[in-house]
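See below for the structure under consideration.
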Amino acid sequence: MKHHTKSKGDLGVLKAQVDLYQKGYKILYPQTEHAPFDLVIYKDNQFKRVQVKYRELNLHGVLEVRFRSSYCNSHDVVMKDTIKHEIDVYCVYCPQTDECYYFDPITFNKSISLRVETPKNNQMQNVKFARDYREIP
């Protein structure tokens, strides 16, 4: 199914909401689309700000996530690095697996690569498997 970029983002947020609800979180929404996060979740007396991204697997079965966002103004498409202390959890929805993956962006540099499939060369050292990121940090 082909989606427009905004529609993909909307689908990612919807999938995250369902997954988070199933994990027992209450979901709150910011009153503006200009907030650095898409959702706020609440469970066990703790709030967390969640940024959601829709990402498809690359040709090697890897989810590549750069910590930046883009938006259009009247002249251009603007790329902006994520200010990591403004969010607590990064959520990535992958349509090929139909799953959400969660991590704390502070623990990574400018990007993260999550592997869905075992590498063809069977290298396992320093490989971050997406299946290990299904729970909220």
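Letter 8 of the sequence shown, counting from 1, is numbered 8 in full-length UniProt numbering, and no numbers are missing.
We put the CB at the ideal spot given by N, CA and C, even for glycine.
Just so we're clear, the structure is a prediction, and the values are computed from it rather than from any experiment.
Buried versus exposed, by CB contacts within 10 Å (16 or more), residue i
| i | result |
| --- | --- |
| residue 19 | buried |
| residue 72 | exposed |
| residue 137 | exposed |
| residue 52 | buried |
| residue 21 | exposed |
Spatially closest choice to residue i from the options, by CA coordinates
| i | options | result |
| --- | --- | --- |
| residue 66 | 123, 54 and 27 | 54 |
| residue 13 | 102, 64 and 126 | 102 |
| residue 100 | 23, 123 and 7 | 23 |
| residue 96 | 45, 57 and 16 | 57 |
| residue 138 | 80, 87 and 69 | Outside the shown range of the chain (1 to 137) lies residue 138, about which nothing can therefore be said. |
| residue 43 | 33, 62 and 27 | 27 |
As assigned by DSSP and simplified to three states, the class of residue i
| i | result |
| --- | --- |
| residue 115 | strand |
| residue 42 | strand |
| residue 110 | coil |
| residue 74 | coil |
| residue 81 | strand |
| residue 51 | strand |
| residue 127 | coil |
Span separating the alpha-carbon of residue i from that of residue j
| i | j | result |
| --- | --- | --- |
| residue 85 | residue 60 | 31 Å |
| residue 35 | residue 135 | 24 Å |
| residue 125 | residue 131 | 16 Å |
| residue 122 | residue 109 | 25 Å |
CB of residue i within 8 Å of CB of residue j, strictly
| i | j | result |
| --- | --- | --- |
| residue 120 | residue 89 | no |
| residue 128 | residue 111 | no |
| residue 41 | residue 29 | no |
| residue 91 | residue 50 | yes |
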